[in-house]
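Encoded as structure tokens, the structure appears first; notes follow it.
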Amino acid sequence: MKNIWQSRLGGTKPILIQAPMEGVTDTVFRQVISKCGKPDLFFTEFTNVSGLISEKGHDSVAKRLKFSPLEKPIIAQVWGNNPQDYEKAAKLIIHMGFDGIDINMGCPDRKVVKKGSCSGLINNPKLASEIIKMTKKGAGGNLPVSVKTRLGYNKIQTEEWIGFLLKFDLDAITIHGRFSRQMSRGDADWEEIGKAVRLRDKTKSKTLIIGNGDIKTIQEAQEKYEKYLVDGVMIGRAIFKNIFLFDKNIDSEKVKPKEKLQLLLDHLALWKKTWGDAKNFSDMKKFYKIYVSGFPEASDFRNKLVQINSIEEAISTVSGYIKTFL
Ligand SMILES: Cc1cc2nc3c(=O)[nH]c(=O)nc-3n(C[C@H](O)[C@H](O)[C@H](O)COP(=O)(O)O)c2cc1C
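First residue of the sequence shown? That's 10 in our numbering, and the numbers climb one at a time after it.
Right under this line is the structure:
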């Protein structure tokens, strides 16, 4: 099987990746993004390894790993604190057709950190190393293994922490340029991401370094690539401001309101087809601003839409609005 990281996704530079965002970048939204401008690589939302392999938890977490061919190549991102469960999860993930498995060592959420998972692993290198080893064992050379992390836990620990991760011959390390306790406060520290690249070069490791944090446009990603020599750039929240982000030929300011509302209709229809009753419809409301913006009545129409609690009514309201007003 082709190693998606080491093949550098066909030589594109920098590799542009849509960041995983739990509750946001599900299969439905990733398909919409693909149609508007496709990144080189997608990640799934983070998925708990123990839930995935257990009979009881499987159905509730497996929907996070749903994907369609349109989203390929795609990496399954996982989290947890039990190394054996990572091994079993990696075996399952191979059979699901993913292009890689990524271990979340960056989420700062108290609930997960308290259990020693995610960015809690920055404080527990022994467990982090067991998790990487068991994931690799499960992957058995058939699935690339990567880690997404931060610069440190309480403070910046680039040399200590990234230096440690570089010992494991990972296919890629994505670094969100903040430490865990910072959550999303302050600016992402790209100088430290650049330091991680130099550290990698010094050790002659083949691990790709992907930078992440506060990037708003492809141009900005290109600048970071040129200045810090990262192999790739991962972009998260900027997709809320510009759904056409990954297509450098589309000027989102020039996209007509009607076209954006038509995209919302597509998103709603795919949501209905994919999730039906399996997800709470209120999850959909966070997306409205992406599509309902840039025209004088947008805010009033958004206010109307958020009051609606059924997908059928939302679809007919948006269709009606397109016909009547635009
Ligand atoms: C709503 C939300 C959910 C997120 N969920 C995940 C996740 O499941 N896994 C992960 O590794 N990072 C997650 N992140 C972090 C992002 O992947 C990314 O590292 C962070 O937003 C910084 O990048 P940005 O400034 O480009 O948004 C999430 C971020 C947000 C805002």
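C-beta: ideal position from N, C-alpha, C; glycine also.
Remember, it's a predicted structure, so these values are computed and weren't measured experimentally.
Practice problem: Leaving aside the five residues before and after alanine 205 along the sequence, list all residues of the same chain whose C-beta is less than 7 angstroms from its C-beta, in chain order. | Solution: For the purposes of this step, residue 205 is taken as residue 196 along the sequence shown, with counting starting at 1. Cβ within range, chain order: Thr167, Ile171, Ile184 and Ile218.
Quiz item: For lysine 72, is the beta carbon positioned less than 7 angstroms from some heavy atom of ligand 1?
Solution: The count along the sequence shown starts at 1 and reaches residue 72 at position 63. The answer is no for lysine 72.
Quiz item: So is serine 126 buried or exposed if we call it buried at 16+ other beta carbons inside 10 Å?
Solution: As a position in the sequence shown, residue 126 is number 117, starting the count at 1. Classified as buried, serine 126 has 16 or more neighbouring CB atoms from the shown chains inside 10 Å of its CB.
Quiz item: Among residues of its own chain, excluding the 5 on either side of aspartate 223, which ones have a beta-carbon nearer than 7 angstroms to its beta-carbon?
Solution: For the purposes of this step, residue 223 is identified with residue 214 of the sequence shown, where counting begins at 1. The residues are Asp196 and Ala197.
Quiz item: Just checking my contact of glutamine 93 with methionine 143 at CB under 8 angstroms: how many whole Å lie between their CB atoms?
Solution: Residue 93 sits at position 84 when you count from the first residue of the sequence shown. Residue 143 sits at position 134 when you count from the first residue of the sequence shown. Yes, glutamine 93 and methionine 143 are in contact; Cβ-Cβ is about 6 angstroms, under 8 angstroms.
Practice problem: Answer with buried or exposed for serine 59, where buried requires no fewer than 16 other C-beta atoms within 10 angstroms of its C-beta. | Solution: Sequence index remark: in the sequence shown, residue 59 carries index 50 (1-based). It counts as buried.
Quiz prompt | Spatial neighbours of lysine 97 in its chain, beta-carbon cut-off 6 angstroms, leaving aside the 5 residues before and after | solution = Position 88 of the sequence shown, counting from 1, holds the residue named residue 97. These residues qualify, in order along the chain: Ile62.
Quiz item: Between glutamine 86 and ligand 1, is the CB less than 7 angstroms from at least one heavy atom?
Solution: Within the sequence shown, numbered from 1, the residue matching residue 86 stands at position 77. The closest heavy atom of ligand 1 lies less than 7 angstroms from the beta carbon of glutamine 86.
Practice problem: In angstroms with no decimal places, state the Cα-to-Cα distance between tyrosine 237 and lysine 157. | Solution: Working through the sequence shown from its first residue, we reach residue 237 at position 228. Working through the sequence shown from its first residue, we reach residue 157 at position 148. If you take the alpha carbons of tyrosine 237 and lysine 157, they lie about 18 angstroms apart.
Quiz item: Under three-state DSSP, which class holds alanine 181?
Solution: Within the sequence shown, residue 181 is the residue found at index 172, counting from 1. In the structure shown, alanine 181 sits in a strand (DSSP, three-state: E or B).
Practice problem: Tell me, to the nearest whole angstrom, how far the beta carbon of histidine 276 is from that of phenylalanine 290; I am working on the premise that it is less than 8 angstroms. | Solution: Here the question's residue 276 lines up with position 267 in the sequence shown. Here the question's residue 290 lines up with position 281 in the sequence shown. Going by Cβ atoms, the distance from histidine 276 to phenylalanine 290 rounds to 12 angstroms, so no, they are not a contact pair.
Quiz prompt | Distance, leucine 130 Cα to phenylalanine 76 Cα | solution = Here residue 76 is taken as the residue at index 67 of the sequence shown, counted from 1. Here residue 130 is taken as the residue at index 121 of the sequence shown, counted from 1. Their Cα atoms are separated by approximately 28 angstroms.
Quiz item: Can you tell me whether DSSP reads aspartate 108 as helix, strand or coil?
Solution: One-based indexing of the sequence shown puts residue 108 at position 99. Three-state DSSP puts aspartate 108 in coil, outside helix and strand.
Quiz item: Quick one: is proline 117 buried, meaning 16 or more other Cβ sit within 10 Å of its Cβ, or exposed?
Solution: Taking the first residue of the sequence shown as position 1, residue 117 is located at position 108. Proline 117 should be labelled buried.
Practice problem: Tell me where the beta strand (DSSP E) around threonine 158 begins and ends. | Solution: Mapped onto the sequence shown, residue 158 falls at position 149. Unbroken beta strand (DSSP E) run through threonine 158: 154 to 159.
Practice problem: Answer yes if the stretch 278 to 285 comes into contact with the stretch 25 to 42, meaning at least three C-beta pairs across the two stretches below 8 angstroms, and no otherwise. | Solution: Cβ pair count under 8 angstroms is three or more, so yes.
Quiz item: Within the present structure, is the beta-carbon of arginine 190 separated from the nearest heavy atom of ligand 1 by less than 7 angstroms?
Solution: Reading the sequence shown from its first residue, position 181 is the one you call residue 190. No, the Cβ of arginine 190 stays beyond 7 angstroms of every heavy atom of ligand 1.
Quiz item: Do you know whose CA, among Ile324, Asp178 and Glu229, lies nearest lysine 145's CA?
Solution: By one-based count along the sequence shown, residue 145 stands at place 136. Minimum Cα distance to lysine 145 is reached at Asp178.
Practice problem: Can you have a look at glycine 285 and say buried or exposed, based on whether 16 or more other CB atoms are within 10 angstroms of its CB? | Solution: Here residue 285 corresponds to residue number 276 of the sequence shown, with the count starting at 1. Glycine 285 should be labelled exposed.
Self-check item: Near ligand 1: alanine 99 beta-carbon under 7 angstroms from a heavy atom
Solution: Translated into the one-based positions of the sequence shown, residue 99 becomes position 90. No, since every heavy atom of ligand 1 falls outside the 7 angstroms radius drawn around the Cβ of alanine 99.
Quiz item: From which residue to which residue does the beta strand (DSSP E) around glutamine 86 run?
Solution: Against the sequence shown, residue 86 aligns to sequence position 77. Run containing glutamine 86: 83 to 88, per the beta strand (DSSP E) assignment.
Quiz item: Exposed or buried, threonine 212, counting other C-beta atoms within 10 Å across all chains shown (16 or more means buried)?
Solution: Along the sequence shown, read from residue 1 onward, the residue named residue 212 stands at position 203. Result: exposed.
Quiz item: Around the C-beta of methionine 243, are 16 or more other C-beta atoms found within 10 angstroms, so that it is buried, or is it exposed?
Solution: Position 234 of the sequence shown, counting from 1, holds the residue named residue 243. Counting Cβ neighbours within 10 Å, methionine 243 comes out buried, since at least 16 surround it.
Practice problem: For leucine 74, collect the residues of the same chain with a Cβ closer than 7 angstroms to its Cβ; drop the 5 residues on either side in sequence, then sort them by chain order. | Solution: Numbered from its first residue, the sequence shown carries residue 74 at position 65. So the qualifying residues of the chain are Thr53, Thr56, Ala85 and Met105.
Quiz prompt | Buried versus exposed, by CB contacts within 10 Å (16 or more), alanine 287 | solution = Residue mapping note: residue 287 aligns to position 278 of the sequence shown, counting from 1. So alanine 287 counts as exposed.
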